[in-house]
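To keep things clear, I will list the structure first and then write my remarks on it.
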Amino acid sequence: MTMILLLRAECIKTFLKKRTYLGFLIILLVVPLVEIAMKIEGGRFTGASLRSLQQDFFFVGSLFNGWIVAHQLMNSLWVHIPLLISFVAGDQLAGEATAGTYRLLLIRPVSRTRIFFAKYLTTLVYTIVFVGFLGALSVGLALILMGTGDLLVFRDGILILPASDVAWRFFAAYILAGWSMATIATIAFFFSSFVENAIGPIVATMGILIVLLIVGVLPVELFEAVRPYLFTSHLNIWMGVFADPVDWSDILRSLAWLSGYSAAFAAAAWMIFVRKDILT
Amino acid sequence: MSAILQTFNLSKTFRERTAVRNLNLEVLPGDVFGFLGPNGAGKSTTIRMMLSLIRPSAGDVRLFGRSVLTERSHALARVGGIVEKPDFYLYLSAVRNLEIIGALCGGVKRSRIFEVLELVGLRERALDKVKTFSHGMKQRLGIAQALLNDPELVVLDEPTSGLDPQGMKEIRELIKHLARERGKTVFLSSHLLPEIELVANRMAIIHKGDLVVQGSVADLLESGEQKVVFRGTPLNRIRRLLAARKTLVRAVQRVGTEIHATMEFRHIPDLVKILVRNGVKLEAVIPRRSLEDFFLSMTESSAA
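Same order as they appear, the protein sequences are chains A and B. Quick note on my numbering: the first sequence kicks off at 101 and runs consecutively. Quick note on my numbering: the second sequence kicks off at 324 and runs consecutively.
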């Protein structure tokens, strides 16, 4: 009962705060802007992508539709989503320190562990709601504007997925994307546990993400050895469902890595939080 | 009578600096316990340890016989408090803020939230966002949140800080009301000495992290040297006669049309007899029962 009350209280604090909706607002502006632009550009978008393949293949009819736009958008937006998520996740603990409200919360007859988990669960709820909103808006609007059709996937070659086989893949992709973003949120939450300003966790999370993404692509032997163990190597886990057949064992392996990283960062944050002297 | 709040050799060291050293306090049921000390004396650090915001470097705090270190939730169940200035979620209303705090106390009824808002005079502003509140209103909301779970012990850290005289008076009246009408035990920290003198029955003085003295306010005021003001004519004779009684009077000073003597109150009748016998026409003898003088004398002697 107490945990439900705490979770409700944390959700009230998070979802009645204006900064929580900044990410939603940005998505609400960017997604329609991009999709309307694509609608206006029409077939030229897919034409450019297929130009190199047209020497060897013969394409009949229009391959431009809502699915391909939503898929393209999913590819391009994931660079920016971690920033928007860390904006809220990084504020969860540090925001209390900045506002001085730790002094209200932590003198109550409820364990710090419970408060910690209420805050962490709220962070995950926010992440899931945010990713869900992004998915619903980008896929929904794309389908409304450009209709359905077969999905062309350009990854290690070309794959055409029939229209009837696409919806579940998007659903699964957004669930997996939510999982990867939960790892990003956990890292921001971890940084939030030992600073007293919400800017620090955002910068630290983005910093670690950028550095590891660079390590992930540089063709250096040393980096290649560690690459499979970096969480950034598993963030694109959702791409796996747009393969045929889907390699579920690979997806499960990435899920396990991401979960492991989340558990480690959450445990470290918990240890810091329960031992922390509140001096603000 | 068993103590509601006890500290046992409570100490806190931040790196090289000792903020509180071997502090032993005892607050009894029904006390309005004044916790006095100049800024930086260690009052807030002590309160933070009492309410488990920071871990002591050594020692323990027991609330209702339970250790804050090992039985935190049980120890804090019957306690409410404000630590330093009351900060709230400014973007939420007073009611929402109290709902959140209520959730941390296992949930409180909405009627209870309005009851405590009524008690501190904020019922009309219940649905307004806290960012529209004045400092005094936030202080009162701070007291409301401290009372939300109907605690037996209320810990108030400088509750009148930053308030105007009217606001200070209101808070003092509220503290008296809590103690007398509602039967609360109040632990009141302040550097405003008259505040303690006006509301507390027992007190402790802390200076540079050390306990200087602890006891009943009345007893502490009776003991030790205090200032006594003599008015009358001729003024020079009063000064001379008092200065000659070195065993009774420690210091004599002329201040305008008055003579200020530092002495124990119990010597007043003897000195009045001496002055009258020597032809002094006394107009007034005013004992300055000021806690401020007492406080300063105690902290000065502690520093020495």
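Even glycine gets a Cβ: it sits at the ideal position worked out from N, Cα and C.
In the structure shown, A:T201 adopts coil according to DSSP, grouped into three states.
For the segment 202-217 of chain A, the set of positions with a beta-carbon nearer than 7 Å to some beta-carbon of chain B reads R203, L204, L205, L206, I207, R208, P209, V210, S211 in chain order.
Taking 9 Å as the cut-off between beta carbons, the residues of the segment 410-428 of chain B near chain A are D410, F411, Y412, L413, Y414, L415, R419, N420, E422, I423, I424, G425, A426, L427, C428, in sequence order. Of all residues in the segment 108-124 of chain A, only R108, A109, E110, I112, K113, L116, K117, K118 place a beta-carbon less than 9 Å from a beta-carbon of chain B. Considering only B:R389, B:L521, B:S512, the residue with the shortest C-alpha distance to B:H530 is B:S512.
With a 10 Å radius around the Cβ and a threshold of 16 neighbouring Cβ atoms, A:G142 comes out exposed. At a cut-off of 9 Å between C-beta atoms, A:A194 does not count as an interface residue with respect to chain B. Residue pairing for B:A574: DSSP places it in a beta bridge opposite B:T585. With fewer than 16 other Cβ atoms from the protein chains shown falling within 10 Å of its own Cβ, A:M371 counts as exposed.
Boundaries of the beta strand (DSSP E) around B:P610: 604-611. Scanning its chain for C-beta atoms nearer than 8 Å, with the 5 sequence neighbours on each side dropped, one finds around A:A366 the residues Y220, T286, F289, F290, in chain order. Beta-bridge partners assigned by DSSP to B:S513: B:L359. A:Y274 and A:G232 have their alpha carbons spaced roughly 7 Å apart.
Non-local beta-carbon contacts of B:E606 in its own chain, meaning distances under 6 Å to residues more than five positions away in sequence, involve R554, G555 in chain order.
Of the candidates A:L183, A:A369, A:F115, the residue whose Cα lies closest to the Cα of A:I215 is A:A369. CA-to-CA, the gap between A:I260 and A:N165 works out to about 13 Å. Taking the Cα of B:V522 as reference, the smallest distance to any Cα among B:R600, B:P482, B:L534, B:L486 is reached at B:P482.
Of all residues in the segment 397-411 of chain B, the ones placed with a Cβ closer than 9 Å to any Cβ belonging to chain A are H397, A398, L399, A400, R401, V402, G403, G404, I405, V406, E407, K408, P409, D410, F411, in chain order.
For B:I327 and B:R525, the gap between their C-alpha atoms comes out near 14 Å. In this structure the segment 379-399 of chain B does not touch the segment 439-453 of chain B; the number of beta carbon pairs closer than 8 Å is below three. In chain order, A426, L427, G429, G430 make up the part of chain B whose C-beta sits under 9 Å from the C-beta of A:T102. A:H180 carries a coil assignment under DSSP once its states are collapsed to helix, strand and coil. Residue-level contact check: B:I377 touches chain A, since one or more beta carbons of chain A fall below 9 Å from its beta carbon.
Taken in chain order, the whole beta strand (DSSP E) runs of length 3 or more contained in the segment 413-482 of chain B are 476-480. When C-beta atoms of the segment 373-380 of chain B are compared with those of the segment 419-431 of chain B, fewer than three pairs fall below 8 Å, so the two segments do not count as touching. Here B:N601 carries a coil assignment [DSSP, helix/strand/coil]. B:V535 and B:H514 have their alpha carbons spaced roughly 14 Å apart. By the rule that beta-carbons nearer than 9 Å mark a contact, A:A199 touches chain B. Look at A:G249 here: in three-state DSSP terms it is coil, with no helix or strand label. Residues of chain A whose Cβ lies closer than 7 Å to the Cβ of B:L598 do not exist; the shortest such Cβ separation is about 55 Å. Straight across, the Cα-Cα distance linking A:V239 with A:S176 is about 14 Å. Residues of chain B with a Cβ closer than 7 Å to the Cβ of A:I287 do not exist; the shortest Cβ-Cβ separation is about 25 Å. In the structure shown, B:L501 falls within a helical segment according to DSSP collapsed to helix, strand and coil.
Take the alpha-carbon of B:V431 and the one of B:R340: they are about 41 Å apart. A:Y329 and B:K335 have their C-alpha atoms some 42 Å from each other. Under a 10 Å Cβ-count criterion, B:T330 is classified as buried, with 16 or more other Cβ atoms of the shown protein chains found around its own Cβ.
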